[in-house]
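**Q** Residue numbers (mature numbering (1 follows the signal peptide of the UniProt record, and there is no 0)): 636 to 919.
Positions of the beta carbon are idealized from the N, C-alpha and C atoms, including for glycine.
Sharing a structure with you now.
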Ligand code: ADP
Ligand code: MG
């Protein structure tokens with residue numbers, strides 16, 4: 636199914652019919668599209684090349700190469716790509732349930748069991764990426780998409796626009812990502828690696844369970860200081876009914892030193908991830 640990064644055989648409009656906008660980001664618009672030959676629906680990320688700097692152009696090429704190399708049910712599948720002088724087009728699998736971000740806002744919090752299902756899926760996908768030395772670098776609820784409007788836990792990781800290959804724990808040094816989810820090592824402009832994604836997931840799980848971000852302040856400098864000092868708390872009002880195991884996992888994810896922080900594989904072995912199985916065993 637997958638093709639080379641540049642498809643020069645046919646033009647995109649010969650092969651696809653474009654539809655409504657599905658979403659947009661800083662440099663792209665994502666629209667619904669239909670393959671004329673099969674009638675199958677996909678999503679098409681349309682990137683205006685004139686708005687891209689040289690380094691963003693490089694980043695997009697990397698996104699394409701990285702996505703081509705990833706094959707996982709919970710990672711957005713790249714079908715094919717087209718490029719013209721003015722525009723890049725990325726045809727990807729269509730994910731129809733909207734952003735995890737909007738679902739969190741709708742629900743305000745996930746039950747512990749739902750949060751565990753989402754977390755397990757995310758850690759499994761991350762373990763896969765990290766085994767290929769791919770660091771996503773921009774994990775946040777806007778870049779995690781739900782497979783359907785009905786279920787709350789079937790998800791796909793999208794937007795590898797900032798992703799990089801990081802074979803070593805100190806491979807990367809560029810400052811990037813989103814304020815709430817940035818890791819201390821990125822804020823301190825230290826070298827970093829795939830563990831930065833684990834921190835971001837820690838922040839996401841905190842939000843799923845508590846309904847509020849762990850590090851937030853109107854003043855960005857103060858917010859960054861909270862992150863660098865790992866200063867957060869489990870406020871009784873929101874966290875009173877959350878299990879000790881869940882809090883223990885968050886404490887093991889939000890750790891300033893990446894070496895002391897759990898890996899995605901470690902997180903999957905954490906007691907909180909196993910709670911449900913323990914209950915099942917007790918009843919059988
Ligand atoms: P950017 O790099 O500009 O942030 P994204 O890849 O994150 O672009 O896409 C922007 C938004 O478009 C996403 O947050 C999401 O709402 C929507 N979107 C992206 N890919 C898909 C898809 N495959 N199916 C449905 N919606 C999508
Ligand atoms: Mg995005």
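#1: Give me every residue whose Cβ sits closer than 6 Å to any heavy atom of the ligand MG, in chain order.
#2: Given a cut-off of 8 Å on the beta-carbon distance, is the pair residue 727 and residue 684 in contact?
#3: Any idea what DSSP makes of residue 714, helix, strand or coil?
#4: Use the C-beta contact count for residue 655: other C-beta atoms within 10 angstroms, 16 or more gives buried, fewer gives exposed.
#5: Classify residue 883: buried if its beta carbon has 16 or more other beta carbons within 10 angstroms, exposed otherwise.
#6: Just to confirm my understanding: we take residue 789, look at its own chain, exclude 5 residues before and 5 after, and list those with CB closer than 7 Å. What are they?
#7: If contacts are defined as beta-carbon pairs under 8 Å, then residue 799 and residue 772 qualify, I think. What distance do you get, rounded to the angstrom?
#8: Three-state secondary structure (DSSP) at residue 680?
#9: Say yes only if the C-beta of residue 785 is nearer than 7 Å to one or more non-hydrogen atoms of the ligand ADP, and no if none qualify.
#10: Roughly how far, in whole angstroms, is the beta-carbon of residue 672 from the beta-carbon of residue 652, given that I think they are within contact range, below 8 Å?
#11: Only counting the same chain, and skipping five residues up and downstream in sequence, which positions put a Cβ closer than 7 Å to that of residue 712?
#12: Tell me the rounded alpha-carbon separation between residue 822 and residue 856.
#13: At a cut of 8 Å, does the segment 887 to 896 reach the segment 837 to 847 through at least three beta carbon pairs?
#14: What is the DSSP secondary structure of residue 673, reduced to helix, strand or coil?
#15: For the alpha helix (DSSP H) that residue 837 lies in, which residues bound it at each end?
#16: Kindly examine the ligand ADP and report whether one of its heavy atoms sits closer than 7 Å to the Cβ of residue 663.
#17: Tell me which residue opens and which closes the alpha helix (DSSP H) that residue 756 is part of.
#18: Is the beta carbon of residue 881 sitting closer than 8 Å to the one on residue 844?
#19: Round the Cβ separation of residue 681 and residue 724 to the nearest angstrom and send it over; I've been treating them as touching at under 8 Å.
#20: Expressed to the nearest angstrom, what Euclidean distance is found between the alpha-carbon atoms of residue 900 and residue 877?
#21: Beta-carbon separation of residue 865 and residue 819 under 8 Å?
#22: Indicate whether at least one CB of chain D lies closer than 8 Å to the CB of residue 867.
#23: Would you say the segment 698 to 718 touches the segment 750 to 769, given that touching needs at least three Cβ pairs under 8 Å?
#24: Identify the continuous beta strand (DSSP E) that holds residue 651 and give its terminal residues.
#25: Is it right to say residue 803 is buried, meaning 16 or more other beta carbons lie within 10 angstroms of its own, or is it exposed?
#26: Whose CA, out of 868, 676, 677 and 757, lies closest to the CA of residue 778?
#27: Enumerate in chain order the residues of its own chain whose CB-to-CB distance from residue 841 is below 6 Å, with the five nearest sequence positions on each side excluded.
#28: Sort 738, 676 and 785 by Cα distance to residue 714 and report the nearest one.
#29: When you compare only the Cα positions, how much space is there between residue 846 and residue 743?
#30: Tell me whether residue 846 counts as near the ligand ADP, meaning its Cβ is closer than 7 Å to at least one heavy atom of that ligand.
**A** Taking the definition as stated:
#1: Those residues, listed in chain order, are 660, 777, 778 and 794.
#2: No.
#3: Secondary structure at residue 714: strand, using DSSP grouped into helix, strand and coil.
#4: In summary, residue 655 is exposed, with fewer than 16 beta-carbon neighbours lying within 10 Å of its beta-carbon over all protein chains present.
#5: Under this definition residue 883 is an exposed residue.
#6: So the list reads 781, 782 and 783, once near-sequence residues are dropped.
#7: Yes, they are in contact, since the Cβ atoms of residue 799 and residue 772 sit about 6 Å apart, within 8 Å.
#8: In the displayed model, residue 680 falls within a strand according to three-state DSSP.
#9: For residue 785, the distance from the CB to the nearest heavy atom of the ligand ADP is not below 7 Å.
#10: The beta-carbon distance between residue 672 and residue 652, rounded to whole angstroms, is 11 Å. This is too long to meet the 8 Å contact definition.
#11: Once the five neighbours on either side are set aside, the close Cβ partners of residue 712 are 727 and 728.
#12: Using only the alpha carbons, I get a separation of about 10 Å.
#13: By the Cβ rule, the segment 887 to 896 counts as touching the segment 837 to 847, because three or more pairs are nearer than 8 Å.
#14: Three-state DSSP puts residue 673 in coil, outside helix and strand.
#15: For residue 837, the enclosing alpha helix (DSSP H) begins and ends at 830 to 845.
#16: Answer for residue 663: yes, Cβ within range of the ligand ADP.
#17: Residue 756 -> alpha helix (DSSP H) spans 747 to 766.
#18: Pairing residue 881 with residue 844 gives a Cβ-Cβ distance under 8 Å.
#19: Contact flag correct, Cβ pair sits at about 6 Å.
#20: Looking at the two C-alpha atoms, the distance is approximately 23 Å.
#21: The Cβ atoms of residue 865 and residue 819 sit closer than 8 Å to each other.
#22: Note that chain D does not occur in the displayed structure, where there is just one protein chain.
#23: The segment 698 to 718 and the segment 750 to 769 touch, with no fewer than 3 CB-CB distances between them shorter than 8 Å.
#24: First-last of the beta strand (DSSP E) with residue 651: 651 to 659.
#25: It is exposed - the Cβ of residue 803 has fewer than 16 other Cβ atoms within 10 Å.
#26: Of the candidates 868, 676, 677 and 757, the one whose C-alpha sits nearest the C-alpha of residue 778 is 757.
#27: Within the same chain, residue 841 has close Cβ partners 849 and 885.
#28: The shortest C-alpha separation from residue 714 is found at 676.
#29: The alpha-carbon atoms of residue 846 and residue 743 are separated by roughly 5 Å.
#30: No, the beta carbon of residue 846 sits no closer than 7 Å to any heavy atom of the ligand ADP.
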